[in-house]
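See structure below.
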Amino acid sequence: MSADRKNQKQPIVTDLLIRDVEIFDGSGNAPWRGNCAIADGRIVSLSAAESRTDPQPVQAKQEIDGNGLALAPGFIDIHTHDDMAVFDPKRMQAKLSQGVTTVVVGNCGISASPSPLARHRTLIPPLDLLGDNRSFRFTNANDYMEALAEAAPSVNVLPLVGHTVLRARSMDDLQLPASRSQLTAMQKDLSTALAAGMHGFSTGLAYPPAKAASTHEVLALAEVV
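Numbering-wise, my numbering puts 168 at position 164 of the sequence shown, and it's gapless, one number per residue.
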């Protein structure tokens, strides 16, 4: 066997190779022209488009000519109210077509779970932003997270726990500051939701149901996170 053949690297077998595309790699540096190889939904190789000697050759099942196109990491939409929309693939097409691959839901103190309906059968605005009572069918955060896993949305979903939902679960009159026992109940609900896989806590102090919350209340909940 010749030395050249002996030193020749075996090709990486991939599902997709995008050639000669303008790459915005997320580092903040200027874009560059390159090739991107993808296998099992993950990037496995990047190389300069003009390189004639790739670090390792690539053998792809499908190739795309990226000339005139741009490639970038998926965008994260950090402020959405897509808590229920993520269950409908058609409604997420608008996100995907703009390069959004991750959405943060449960913003402004409004989240689809844990449900406030056990105490308040009539939705208190702005909770109705997510829809009618059917949008709050998830009794607890675990139910919501399990439904997400089963639905396998076309985007990544990072749910927050809404402050207004926590108040509505623990309080009859949301125009008052929370009592010690009510705050303890909210902390317990928040801790349980985070343990179920929810990613954080949001509040909307400009909205009437949360306006009466004291600084102490907000800080006490933030400490749980």
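C-beta atoms are modelled at their ideal positions from N, C-alpha and C, and glycine is treated no differently.
Quiz prompt | For ASN160 and ASN146, the rounded distance between their alpha carbons | solution = As a working note, residue 146 is residue 142 in the sequence shown. As a working note, residue 160 is residue 156 in the sequence shown. Straight-line spacing of the CA atoms in ASN146 and ASN160 works out to 17 Å.
Quiz item: If you check the beta carbons only, do ALA64 and ASP19 fall under 8 Å apart?
Solution: The sequence position of residue 64 within the sequence shown is 60, counting from 1. The sequence position of residue 19 within the sequence shown is 15, counting from 1. Yes; because the gap between Cβ atoms is below 8 Å, this pair is in contact.
Quiz prompt | C-beta contact flag for GLU227 and LEU187 at 8 Å | solution = Position 223 of the sequence shown, counted from the start, is the residue given in the question as residue 227. Position 183 of the sequence shown, counted from the start, is the residue given in the question as residue 187. No, the pair does not count as a contact, with Cβ atoms beyond the cut-off.
Quiz item: What are the boundary residues of the alpha helix (DSSP H) that SER115 is part of?
Solution: Position 111 of the sequence shown holds residue 115. Unbroken run through SER115: none, as it is neither H nor E.
Exercise. Can you check DSSP and say which residues form a bridge with ASP136?
Key: Here residue 136 is taken as the residue at index 132 of the sequence shown, counted from 1. ASP136 is not bridged to any residue.
Practice problem: Compute the Euclidean distance between the alpha carbons of ARG37 and GLU26, then round it to the nearest angstrom. | Solution: Numbered from its first residue, the sequence shown carries residue 37 at position 33. Numbered from its first residue, the sequence shown carries residue 26 at position 22. Distance between the alpha carbons of ARG37 and GLU26: 4 Å.
Practice problem: Can you have a look at ALA172 and say buried or exposed, based on whether 16 or more other CB atoms are within 10 angstroms of its CB? | Solution: Residue mapping note: residue 172 aligns to position 168 of the sequence shown, counting from 1. For ALA172, the number of other beta carbons within 10 angstroms of its own is at least 16, and it is reported as buried.
Quiz item: Buried or exposed: which applies to ALA76, given that a residue is buried once 16 or more other Cβ atoms fall within 10 Å of its Cβ?
Solution: Your numbering for residue 76 matches position 72 in the sequence shown. Exposed.
Quiz item: Considering only the beta carbon of each residue, do ASP87 and GLY110 sit closer than 8 Å?
Solution: As a working mapping, residue 87 is identified with position 83 in the sequence shown. As a working mapping, residue 110 is identified with position 106 in the sequence shown. Their beta carbons are under 8 Å apart, which means ASP87 touches GLY110 by this criterion.
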